[in-house]
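2 protein chains.
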Amino acid sequence: MALRVQEAMLEIKRGSVELIGEEYIASLVQKFFETQERFVVKAGFDPTAPDLHLGHTVLIQKLATFQKFGGKIKFLIGDFTARIGDPTGKSETRKPLEAQEVEQNARTYQEQVFKILDPKYTEICFNSKWLNELGSAGIVQLTSKFSVARMLERDDFEKRYKNNMPISVVEFIYPLLQGYDSVALNCDIELGGNDQKFNLLMGRNMQRAYGLKKEQSIMTMPLLEGLDGVNKMSKSLKNYIGVTEESQVMYAKIMSISDVLMWRYYELLSQKSLRDIEALKEGVKTGVLHPKKIKEVLALEITARYHSDNLAQEAKEVFDKIFTKKSIPDDIRELSFDSGEWICKILVEAKMSPSTSQARREIKAGAVKLNQEKLFDENFKFSQGEYILQLGKRHFLRLKIN
Amino acid sequence: MALRVQEAMLEIKRGSVELIGEEYIASLVQKFFETQERFVVKAGFDPTAPDLHLGHTVLIQKLATFQKFGGKIKFLIGDFTARIGDPTGKSETRKPLEAQEVEQNARTYQEQVFKILDPKYTEICFNSKWLNELGSAGIVQLTSKFSVARMLERDDFEKRYKNNMPISVVEFIYPLLQGYDSVALNCDIELGGNDQKFNLLMGRNMQRAYGLKKEQSIMTMPLLEGLDGVNKMSKSLKNYIGVTEESQVMYAKIMSISDVLMWRYYELLSQKSLRDIEALKEGVKTGVLHPKKIKEVLALEITARYHSDNLAQEAKEVFDKIFTKKSIPDDIRELSFDSGEWICKILVEAKMSPSTSQARREIKAGAVKLNQEKLFDENFKFSQGEYILQLGKRHFLRLKIN
Chain A
1 MALRVQEAML EIKRGSVELI GEEYIASLVQ KFFETQERFV VKAGFDPTAP
51 DLHLGHTVLI QKLATFQKFG GKIKFLIGDF TARIGDPTGK SETRKPLEAQ
101 EVEQNARTYQ EQVFKILDPK YTEICFNSKW LNELGSAGIV QLTSKFSVAR
151 MLERDDFEKR YKNNMPISVV EFIYPLLQGY DSVALNCDIE LGGNDQKFNL
201 LMGRNMQRAY GLKKEQSIMT MPLLEGLDGV NKMSKSLKNY IGVTEESQVM
251 YAKIMSISDV LMWRYYELLS QKSLRDIEAL KEGVKTGVLH PKKIKEVLAL
301 EITARYHSDN LAQEAKEVFD KIFTKKSIPD DIRELSFDSG EWICKILVEA
351 KMSPSTSQAR REIKAGAVKL NQEKLFDENF KFSQGEYILQ LGKRHFLRLK
401 IN
Chain B
1 MALRVQEAML EIKRGSVELI GEEYIASLVQ KFFETQERFV VKAGFDPTAP
51 DLHLGHTVLI QKLATFQKFG GKIKFLIGDF TARIGDPTGK SETRKPLEAQ
101 EVEQNARTYQ EQVFKILDPK YTEICFNSKW LNELGSAGIV QLTSKFSVAR
151 MLERDDFEKR YKNNMPISVV EFIYPLLQGY DSVALNCDIE LGGNDQKFNL
201 LMGRNMQRAY GLKKEQSIMT MPLLEGLDGV NKMSKSLKNY IGVTEESQVM
251 YAKIMSISDV LMWRYYELLS QKSLRDIEAL KEGVKTGVLH PKKIKEVLAL
301 EITARYHSDN LAQEAKEVFD KIFTKKSIPD DIRELSFDSG EWICKILVEA
351 KMSPSTSQAR REIKAGAVKL NQEKLFDENF KFSQGEYILQ LGKRHFLRLK
401 IN
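Here is the structure:
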């Protein structure tokens, strides 16, 4: 294998959990280098949840890597089942989406992912197009391509069946539909989360069943750890960084992660090459570089991606001003609260005010500063992040809001 | 319950294996007696096999009984799956049917069943109509109405799953489609063979799942025993009486059954009332009637149904002439052969001719009679039935062709 292909493969495999059909990918990359002929890379996204956080972008970053080495991305929005709703009826929240909502969500996706992907080699696709065309007969024929026993081999089905927990027949249909998407798109490679292996393999099965002359390679990516470094990033755990968050919040959140997690984020989120990352690690090891400096580089890269170089730079300056300027004593107290906490309650708990009504008066009077800016909203509630709270001239508090 | 309804219910239940929802049926019959309002009775038929034998007519007879007591018959031709073919790919013979074939088969059905059913209260339906209308989304929604575990409770699925024999996912779809037919037709009652109970119950499940305000009653009918009185009637076992068979063959076949089987055929095939049949049984018991006489009555009824009174009478006369006239000795030998046997080979095996070439010459010379008619076809092959074979003036053989 040519050295150039070998290096590309290292970047492609970087951070992945599993890769089936590696040789096929290498041959596609080689062909691209030789002829500029591109291959089809698919990843599916849920049209009900277009608000991405960095956890979601692990996949999209990988798609960007594929683009660099010849991938033509099919960004698949699974609107077919979303338009049906969740017919299993388990979840009250999954109501059928209207065509208009799907369109709106697709636009949102587009805005967000084109900050990472090159639109020239990205096609946003909707699977309702070919799945509706199948019609009743086509869907029934599709279900003839796979056996019940093999379906029950899927981990979660197997467990639920053994434990007498209901599985609706429709749940056997979804993986088949996803598999058929790979037939319709004539995919060469499909990417998915670590929990998607069975469904990704279904693409191979269906391509075979429908007589395609190729079988897609599949790659699974890990779930990104959230700010706590332990749990997967998720909105409900409040350990996430949303891609639409303001530049200063985004920058500060990245600066709050541990050094270990920082390297993980470099691996999965940074567009720096493996070689450059290796150099940074070497710098830390030899004492030439301080980890905080490297975290700044990461925070700047990611903030700039979703905002701009200028805004990222500005965010860094604000952050530095708050946390490093002389105006704030070094040894101030630190307290932690949950996101959503009311400022007056915090002032009381920190024993900075004797009562919440007193706290209200002080805010109105302009005696309270948050990150060195006067705060006049007595109903202010905190969202996740780090803050410096100041009352009068001398009372400081470092706040960690989880 | 009014006596009239009670008597109707006895005729309705006659010969059935299982009946679920008996009270609902009684209420429908009562309403019919009071208001002439009819109720919907459905039975499904396979459009690939329009050639009926008496075994198939057990169901159709029952539909006729329902017609008498208020049923409006939906004679359902399951063309939807037939048009797809057998997607499980197990059977080479189940190729997709063209629309034209389905129409042709439907016409054949019509010709045959209107010899039993009143066309005024019979509608021939094709399920492709509403199943195609469901479309991809409708089919997927349909599959959300039932669980995998309950599907695997069906006897044959359970066995196959336990024995690691493949079940295709599409086999889970078929019962759902059949159930949906009952929704689309707004059925009150569905009839089916004894092996159809699970699928008939599915009609109830789907009517509930789709919010209908009723649940169909279901009735299963037994499989009719063939001429041998042991195995179910089937073409492959060659123990059948086809509804399109010639009058003389039909008559003779019925005359060949045992006395025990005769009563079974009375129960399941005759349009005589239970009361009349009781009277016949009483006649035999008291020695007033000979069983052979009663078999003649049955043979005449059934032959007349598929031909005419005249042809049935003629068939009886031919039969009597062959089997009871003085011209044939009483104590002639009897031999059995399989259907398809060549006449010359039989003449040799019966030691009536020394060689097949000699047998050929005797046939050409007009020395061989079959059922008292000269036979000149030296290549004649036997089909199922009973025959008298005669060579010259004195050599007789009674032939039973299975």
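Which chain is which? The protein sequence lines are A and B, in order.
If you read the first sequence in the UniProt record's numbering, its first letter stands for residue 1, the second for the next number, and so on.
If you read the second sequence in the UniProt record's numbering, its first letter stands for residue 1, the second for the next number, and so on.
For every residue, glycine included, the Cβ atom is placed at its ideal position computed from N, Cα and C.
Got a sec: is the Cβ-Cβ distance from residue i to anything in chain B below 8 Å?
i      : result
A/A149 : yes
A/I77  : no
A/Y387 : no
A/I167 : yes
A/Y265 : no
A/Y161 : yes
Residue j and residue i - do their beta-carbons sit closer together than 8 Å?
i      : j      : result
B/S383 : B/M219 : no
A/M221 : A/L191 : yes
B/S144 : A/V148 : no
B/K42  : B/K74  : yes
B/K115 : B/R275 : no
A/V249 : A/G229 : no
A/S353 : A/L347 : yes
B/Y265 : B/I277 : no
A/Y180 : A/L212 : no
B/D188 : B/L28  : yes
B/I322 : B/I388 : yes
A/L289 : A/L300 : no
B/G242 : B/D51  : yes
B/E378 : B/L399 : no
B/S182 : B/I20  : no
B/K232 : B/H53  : no
A/G71  : A/F33  : no
A/I124 : A/A99  : no
Any C-beta of chain A sitting closer than 8 Å to the C-beta of residue i?
i      : result
B/E92  : With a pLDDT of only 49 at B/E92, under 50, the local geometry of the prediction cannot be trusted, and the value read off the model is given with reservation. No, no contact with chain A.
B/I84  : yes
B/Y109 : no
B/L3   : no
B/L391 : no
Please look up how many angstroms separate the CB atoms of residue i and residue j, rounded, as I've assumed it's under 8 Å.
i                      : j      : result
A/S128                 : A/R83  : 6 Å
A/L223                 : A/N199 : Not really, about 16 Å apart at Cβ, beyond 8 Å.
A/M262                 : A/I294 : 7 Å
B/D46                  : B/G78  : 6 Å
B/K31                  : B/E37  : 6 Å
B/L298                 : B/S247 : Not quite, the Cβ-Cβ distance comes to about 14 Å (not below 8 Å), so this is no contact.
A/N402                 : A/K238 : 7 Å
B/L97                  : B/T57  : Not really, about 23 Å apart at Cβ, beyond 8 Å.
B/N132                 : A/G135 : 7 Å
residue 456 of chain A : A/K374 : There is simply no residue 456 of chain A to check, as chain A begins at 1 and stops at 402 in what is shown.
Mind checking which residues open and close the beta strand (DSSP E) that includes residue i?
i                      : result
A/Y210                 : Element bounds for A/Y210: n/a, residue is neither H nor E.
B/E386                 : G385 to L391
residue 419 of chain B : With chain B covering 1 to 402 only, the question about residue 419 of chain B has no answer from this structure.
B/F66                  : Unbroken run through B/F66 is the alpha helix (DSSP H), L54 to K68; no beta strand (DSSP E).
A/T220                 : S217 to M221
B/I74                  : First, the residue type needs correcting, since residue 74 of chain B is Lys and not Ile in the sequence shown. Taken as a continuous stretch (DSSP letters only), the beta strand (DSSP E) holding B/K74 covers G71 to I77.
Starting from residue i and walking both ways along the alpha helix (DSSP H), at which residues does that stretch end?
i      : result
B/S136 : S128 to T143
B/H395 : Note, B/H395: premise wrong, no alpha helix (DSSP H); beta strand (DSSP E) at H395 to I401.
A/I20  : Where A/I20 is concerned, there is no enclosing alpha helix (DSSP H), although the beta strand (DSSP E) it sits in stretches over E18 to I20.
B/I241 : Element bounds for B/I241: n/a, residue is neither H nor E.
A/K336 : Contrary to the premise, residue 336 of chain A reads as Ser rather than Lys in this sequence. Careful: A/S336 lies outside any alpha helix (DSSP H), inside the beta strand (DSSP E) at E334 to F337.
Quick one, which residues of the region 123-147 of chain B are near chain A if we go by CB-CB under 9 Å, in chain order? If the cut-off is 9 Å between Cβ atoms, the region 123-147 of chain B has S128, L131, N132, E133, L134, G135, S136, A137, G138, I139, V140, Q141, L142, T143, S144, K145, F146 and S147 near chain A.
Quick one, which residues of the region 169-183 of chain B are near chain A if we go by CB-CB under 9 Å, in chain order? Listed by position, the residues of the region 169-183 of chain B near chain A (Cβ gap below 9 Å) are V169, V170, E171, F172, I173, Y174, L176 and L177.
For the region 197-228 of chain B, list every residue whose C-beta sits within 9 Å of some C-beta in chain A, in sequence order. Listed in sequence order: no entries.
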